[in-house]
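**Q**
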Amino acid sequence: MKGARLGLRLLARAVLVAGGIVSLVPFLWMAIAATHSTSELFHSPPPFLPGGRLLDNLSRLQETIGFGRVMLNSLGIALVHTVLSSVVSAMCGYGLAKYRFRGRGLLLGAVLATMMIPFQVLLVPLFQMMASIGWIDTYQAVVLPFLANSFGILLMRQSFVDFPDELIESARIDGSGELRTFYRVVLPCVRPQLGALVIFTFMAGWNSFIWPLLMLNSEDRYTVPVALNTLTGLSHVDYSGLMLGSLLATLPLMALFLLFQRQFVAGLLGGAVKG
Amino acid sequence: MAVLDTRTGPGTTSARPVPGRRPRRPRRRLRRTGWIFAAPAAALFALFFAYPLGASVLQSFTSEDAGAVHWVGLDQYRRMFHDTAFLKSLANTGLILVVQVPVMIGLALVLAVLLNQSWLRFRGTWRALHFLPAVTTLVAYAVVFQVLLKTDGGLVNQIVGVFGIGPVDWLNDPTWARISLILTLTWRWTGYNAVILLAGLQAIGKDQYEAAAIDGAGTFTTYTRVVLPQLRPVLLFCVVTSTIGTLQLFDENYVLTRGGPDDATLTPVVYLYKVGFQQFDFGYAAAIAWVVVALIAAISALQYLLFGRERRR
Numbered sequence: 001m002k003g004a005r006l007g008l009r010l011l012a013r014a015v016l017v018a019g020g021i022v023s024l025v026p027f028l029w030m031a032i033a034a035t036h037s038t039s040e041l042f043h044s045p046p047p048f049l050p051g052g053r054l055l056d057n058l059s060r061l062q063e064t065i066g067f068g069r070v071m072l073n074s075l076g077i078a079l080v081h082t083v084l085s086s087v088v089s090a091m092c093g094y095g096l097a098k099y100r101f102r103g104r105g106l107l108l109g110a111v112l113a114t115m116m117i118p119f120q121v122l123l124v125p126l127f128q129m130m131a132s133i134g135w136i137d138t139y140q141a142v143v144l145p146f147l148a149n150s151f152g153i154l155l156m157r158q159s160f161v162d163f164p165d166e167l168i169e170s171a172r173i174d175g176s177g178e179l180r181t182f183y184r185v186v187l188p189c190v191r192p193q194l195g196a197l198v199i200f201t202f203m204a205g206w207n208s209f210i211w212p213l214l215m216l217n218s219e220d221r222y223t224v225p226v227a228l229n230t231l232t233g234l235s236h237v238d239y240s241g242l243m244l245g246s247l248l249a250t251l252p253l254m255a256l257f258l259l260f261q262r263q264f265v266a267g268l269l270g271g272a273v274k275g
Numbered sequence: 001m002a003v004l005d006t007r008t009g010p011g012t013t014s015a016r017p018v019p020g021r022r023p024r025r026p027r028r029r030l031r032r033t034g035w036i037f038a039a040p041a042a043a044l045f046a047l048f049f050a051y052p053l054g055a056s057v058l059q060s061f062t063s064e065d066a067g068a069v070h071w072v073g074l075d076q077y078r079r080m081f082h083d084t085a086f087l088k089s090l091a092n093t094g095l096i097l098v099v100q101v102p103v104m105i106g107l108a109l110v111l112a113v114l115l116n117q118s119w120l121r122f123r124g125t126w127r128a129l130h131f132l133p134a135v136t137t138l139v140a141y142a143v144v145f146q147v148l149l150k151t152d153g154g155l156v157n158q159i160v161g162v163f164g165i166g167p168v169d170w171l172n173d174p175t176w177a178r179i180s181l182i183l184t185l186t187w188r189w190t191g192y193n194a195v196i197l198l199a200g201l202q203a204i205g206k207d208q209y210e211a212a213a214i215d216g217a218g219t220f221t222t223y224t225r226v227v228l229p230q231l232r233p234v235l236l237f238c239v240v241t242s243t244i245g246t247l248q249l250f251d252e253n254y255v256l257t258r259g260g261p262d263d264a265t266l267t268p269v270v271y272l273y274k275v276g277f278q279q280f281d282f283g284y285a286a287a288i289a290w291v292v293v294a295l296i297a298a299i300s301a302l303q304y305l306l307f308g309r310e311r312r313r
């Protein structure tokens with residue numbers, strides 16, 4: 001009996017080790033490859049240790065796609081998206097959770113509908129809309145359409161529903177305005193959920209690909225995913241540059257994940273599992 | 001759910017000598033203040049969701065010829081039945097749904113159960129390690145797999161070459177391209193689903209395992225009879241979200257293979273993108289989009305019917 005259990009545990013560890021290697025190797029390879037030249041990359045045997053071409057690759061990446069600028073674009077877009085979208089989502093979630101107003105049902109319906117309807121349906125009409133107001137190749141066209149994020153609204157609504165009404169009522173009696181009550185009394189109490197919302201909105205903003213791909217035309221306005229994609233389409237692909245670019249594109253998300261694992265998991269679940 | 005303005009029970013401030021008049025005023029005030037919070041989202045929804053949604057429905061019944069828009073009824077929808085590329089994109093999606101999703105959910109379940117074991121040391125580290133793929137930038141990981149799977153000199157071919165296999169033409173042969181896409185998707189999303197399943201497992205109390213042990217249930221019986229039934233809603237959530245993700249697949253296969261070779265990794269959304277933004281056939285693109293919506297709705301409903309019954313009881 002005991003021997004069988006020990007064997008089972010060993011097997012379990014073996015599975016975990018194998019899974020860990022599979023998930024880790026592409027990252028390690030990405031990091032090692034970013035420091036070699038393309039020909040060294042595909043050399044047999046492949047390099048196992050970091051090489052000395054990191055700065056070479058970086059300067060070439062800067063030359064071909066203006067990587068510094070592209071990173072700043074992505075960072076700016078993701079940050080603006082995160083701040084605005086979180087504010088909009090938190091406010092709307094609070095309104096839906098704590099007030100009864102005309103059109104509330106309709107709004108909730110719209111929120112749920114956007115969750116179910118894939119945004120690809122909106123691609124063509126949104127594109128034409130942006131074209132007709134002359135917003136193609138602008139940052140606001142990238143950010144604005146996806147600010148009202150149904151996932152975020154529902155996540156926030158869920159966390160506000162359980163918030164005690166008595167606290168809001170007493171703030172009201174003390175003469176605090178509705179917005180101030182929200183900002184000063186309610187929001188600080190849902191900080192963990194707010195953290196999850198922020199992380200997830202940032203990830204979504206940083207990762208978004210198809211919409212920026214459609215909207216942005218000038219290379220100096222590209223986001224990181226769009227710029228990386230143009231590199232893969234060339235006839236002579238700069239593979240080591242690509243690997244460095246991928247590494248740098250992934251680092252901010254990895255840092256966020258390692259710093260805020262708990263919120264990351266909470267965001268994944270988003271109240272959905274609670275059922 | 002508690003709603004502020006309907007609270008008129010004893011103990012609240014609205015208990016007044018003249019009931020019926022007093023509560024009305026705050027209620028009207030709150031009617032308007034609710035909108036202060038909802039207005040930004042509502043405006044954004046109206047502008048960037050409701051309007052384009054309506055426009056897209058109408059557009060799917062039209063065709064554009066030399067700048068002139070015609071009403072063509074259901075023609076755009078009829079076209080799809082004879083469009084081999086579109087049918088192929090559906091078949092590819094079906095293959096991923098039937099092969100990749102069950103394999104991935106199965107692996108995620110195994111991982112989640114292992115990571116939930118109390119005897120496992122450094123559980124936090126193990127978890128982080130397995131969830132790492134879930135935090136890569138979508139485009140970046142597709143790029144990395146493109147380099148890993150390169151036919152001449154790619155790391156994967158060098159590794160299988162050691163065992164005397166290959167070189168395999170991972171991305172340029174139709175069958176291998178499908179396999180590559182499936183492997184790539186599994187690498188990225190297994191950890192993601194494992195996180196969700198792990199959270200579901202942790203919601204099941206320790207006492208349930210103990211109770212099962214007292215009743216003489218072995219490990220296997222405990223999992224099939226006690227744990228899995230309770231995990232059912234979470235599993236259903238994973239299956240439904242993975243299905244929706246598969247039906248909306250774009251980033252991975254667009255970056256990895258552009259839908260090729262010979263449309264072997266074409267998905268409806270990549271096809272929609274090509275039709276709409278490379279051929280500028282907007283009416284047809286809109287119709288394709290609505291077929292994707294219909295498929296998502298139908299398959300999700302089916303999954304709820306088949307696996308969701310237990311919840312209602």
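Top line first, the protein sequences correspond to chains S and E. For the first sequence, counting from 1, position 274 maps to 274 in UniProt numbering; every step adds exactly one. For the second sequence, counting from 1, position 23 maps to 23 in UniProt numbering; every step adds exactly one. C-beta: ideal position from N, C-alpha, C; glycine also. Only a predicted model underlies this, so the values are computations on that prediction, with no experimental measurement involved.
1) Near L269 (chain S), which residues of its chain fall below 6 Å by C-beta distance, leaving aside the five closest residues on each side in sequence?
2) List the endpoints of the continuous beta strand (DSSP E) containing H70 (chain E).
3) Please report the Cβ distance between A97 (chain S) and V161 (chain S), rounded to the nearest whole angstrom; I am assuming they are in contact, meaning their Cβ atoms lie under 8 Å.
4) Taking 7 Å as the threshold (C-beta atoms), are V121 (chain S) and E42 (chain E) in contact?
5) Just to confirm the assignment, what range does the alpha helix (DSSP H) spanning E40 (chain S) have?
6) Would you please verify whether the beta carbon of I136 (chain S) is less than 7 Å from any beta carbon of chain E?
7) Can you give the Cα-Cα distance for R188 (chain E) and L55 (chain S), rounded to whole angstroms?
8) Assuming the contact rule is C-beta atoms closer than 8 Å, H130 (chain E) and G20 (chain S) should be a hit. Round their C-beta distance to whole Å, please.
9) Can you tell me whether L58 (chain E) is buried or exposed? The criterion is at least 16 other CB atoms within 10 Å of its CB, across all chains shown.
10) So, with DSSP's three-state summary, where would you put D165 (chain S)?
11) Hey, which unbroken runs of the alpha helix (DSSP H) at 4 residues or more fall wholly within the segment 170-242 of chain E?
12) Count the C-beta pairs between the segment 199-217 of chain S and the segment 142-156 of chain S that are closer than 8 Å, then say yes if the count reaches three, no if not.
13) If you measure beta-carbon to beta-carbon, which residues of the segment 146-157 of chain E are closer than 9 Å to chain S?
14) Touch check for the segment 185-199 of chain E and the segment 94-105 of chain E: three-plus C-beta pairs under 8 Å?
15) What does DSSP give as the partner residue(s) for D65 (chain E) in the beta ladder?
16) In chain order, what residues of the segment 253-271 of chain S put their CB closer than 8 Å to some CB of chain E?
17) By alpha-carbon positions, which one of E:I159, E:K150, E:V162 and E:I182 ends up nearest to D169 (chain E)?
18) In terms of alpha-carbon separation, which member of S:G175, S:F127 and S:F182 lies closest to M215 (chain S)?
19) With distances taken from CA atoms, which of E:P268, E:L185, E:A128 and E:S300 is nearest V291 (chain E)?
20) Could you tell me the distance, in whole angstroms, from the CA atom of V17 (chain S) to the CA atom of A128 (chain E)?
21) List the whole-angstrom C-beta distance separating T148 (chain E) from V156 (chain E), where the pair is believed to meet the contact cut-off of C-beta under 8 Å.
22) Hey, how far is the Cα of Y273 (chain E) from the Cα of P47 (chain S)?
23) Is it buried or exposed, P164 (chain S), if we count other Cβ atoms within 10 angstroms and call 16 or more buried?
24) Does P23 (chain E) have its Cβ less than 7 Å from a Cβ in chain S?
25) What residue range does the alpha helix (DSSP H) around L155 (chain E) cover?
26) Report, in whole angstroms, the separation of the C-beta atoms of V83 (chain S) and V143 (chain S), which I expect to be a contact under 8 Å.
27) So for L49 (chain S), helix, strand or coil by DSSP?
28) With a threshold of 7 Å between beta carbons, is I210 (chain S) in contact with chain E?
29) For the alpha helix (DSSP H) containing K98 (chain S), list its first residue and its last residue.
30) Between which two residues does the alpha helix (DSSP H) carrying L123 (chain S) extend?
**A** Straight from the coordinates:
1) none
2) Its beta strand (DSSP E) spans residues A68 to W71.
3) 5 Å
4) Here residue 42 (chain E) turns out to be Ala, not Glu, going by the sequence shown. Cβ distance not < 7 Å, so A42 (chain E) and V121 (chain S) don't count as in contact.
5) T38 to L41
6) no
7) Their Cα atoms are separated by approximately 29 Å.
8) 6 Å
9) Within 10 angstroms of the beta-carbon of L58 (chain E) lie fewer than 16 other beta-carbons, which makes it exposed.
10) helix
11) 174-202 and 206-214
12) yes
13) Q146, V147, L148, K150, D152, G153, G154 and L155
14) yes
15) In DSSP, D65 (chain E) forms a bridge with E:A68.
16) L253, M254, L256, F257, L258, Q261, F264, V265, L268 and L269
17) E:K150
18) S:F127
19) E:P268
20) 13 Å
21) Looking at the sequence shown, residue 148 (chain E) is not Thr but Leu. Contact flag correct, Cβ pair sits at about 5 Å.
22) 38 Å
23) exposed
24) Low confidence applies here, because P23 (chain E) scores a pLDDT of 45, under 50, leaving its location unreliable and the question unanswered by this model.
25) Where L155 (chain E) is concerned, the enclosing alpha helix (DSSP H) stretches over L155 to V162.
26) Not quite, the Cβ-Cβ distance comes to about 10 Å (not below 8 Å), so this is no contact.
27) The DSSP-derived three-state label of L49 (chain S) is coil.
28) By this cut-off, I210 (chain S) is an interface position.
29) F67 to K98
30) Its alpha helix (DSSP H) spans residues Q120 to S132.
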